[in-house]
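Per the working numbering, residue 620 is the first one in the sequence shown, and the count goes up by one each step.
For glycine and all other residues, C-beta sits at the position ideal for the given N, C-alpha and C.
Take a look at the structure below.
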Amino acid sequence: MRMRYRRRKFLHQIAAVGASVLFIPNGITACTNKKKDYQTELEIGTTTEFDKITYKTNEFNNVPILTLKNEEGKYETFSLECTHQGCIVKFFEDSKEFRCPCHKGVYNTKGEVIKGPPPAPLRKYTTIVKNGKIIVLEQGV
Ligand code: FES
Numbered sequence: 620m621r622m623r624y625r626r627r628k629f630l631h632q633i634a635a636v637g638a639s640v641l642f643i644p645n646g647i648t649a650c651t652n653k654k655k656d657y658q659t660e661l662e663i664g665t666t667t668e669f670d671k672i673t674y675k676t677n678e679f680n681n682v683p684i685l686t687l688k689n690e691e692g693k694y695e696t697f698s699l700e701c702t703h704q705g706c707i708v709k710f711f712e713d714s715k716e717f718r719c720p721c722h723k724g725v726y727n728t729k730g731e732v733i734k735g736p737p738p739a740p741l742r743k744y745t746t747i748v749k750n751g752k753i754i755v756l757e758q759g760v
């Protein structure tokens, strides 16, 4: 009887080790893939391209962003997620405003709140020019 119990316990332990061996590689792969997908920088386009356009939208680490060339000729990139409740704001080129469709929040081209309930400016990304390429950087990595 005692021998039978020990044998059963041993088989349970073998099964537990086998199951963990099967699941650990999947867990490692999932973690690795998440990190792999995370970008620290994104090339938006070229300065030549911005001679013909005033802004360009993109997605950076699953966040919709907009890059524009401001009046001083500097490139700026903003998250399009409203700081009120996260709706996606839309850029209106004619009025040079970002407007939120959810609660009528309005931001200027510096990302500052000029109307409505948003409690903070739009998130701004560091944007650099390197060899004629416009690059957006993710900070805090
Ligand atoms: S979510 Fe944009 S104003 Fe409320």
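- In terms of Cβ geometry, L687 and F710 form a close pair [threshold 9 Å].
- Taking C-beta separations shorter than 8 Å and ignoring five residues to either side along the sequence, the partners of K734 in its chain run K723, G724 and V725, following chain order.
- When only Cα atoms are considered, E700 and V708 end up about 6 Å apart.
- If you draw a straight line from the Cα of A739 to the Cα of E757, it comes to about 19 Å.
- Here I663 is near T696, since their CB atoms are less than 9 Å apart.
- Between the alpha carbons of C706 and C721 lies a gap of roughly 6 Å.
- I753: member of the beta strand (DSSP E) spanning K752 to L756, first to last residue.
- According to the DSSP assignment, F679 belongs to the beta strand (DSSP E) that extends over Y674 to F679.
- For G664, the pairing in a beta bridge is given by DSSP as I753.
- Per DSSP, the continuous beta strand (DSSP E) segment holding L687 begins and ends at V682 to K688.
- Residue nearest to V682 within the set E660, T666 and E691 is E660 (criterion: CA-CA distance).
- In chain order, T686, K688, T746, V748 and I753 place their CB closer than 7 Å to the CB of Y694, counting only its own chain and leaving out the 5 sequence neighbours on each side.
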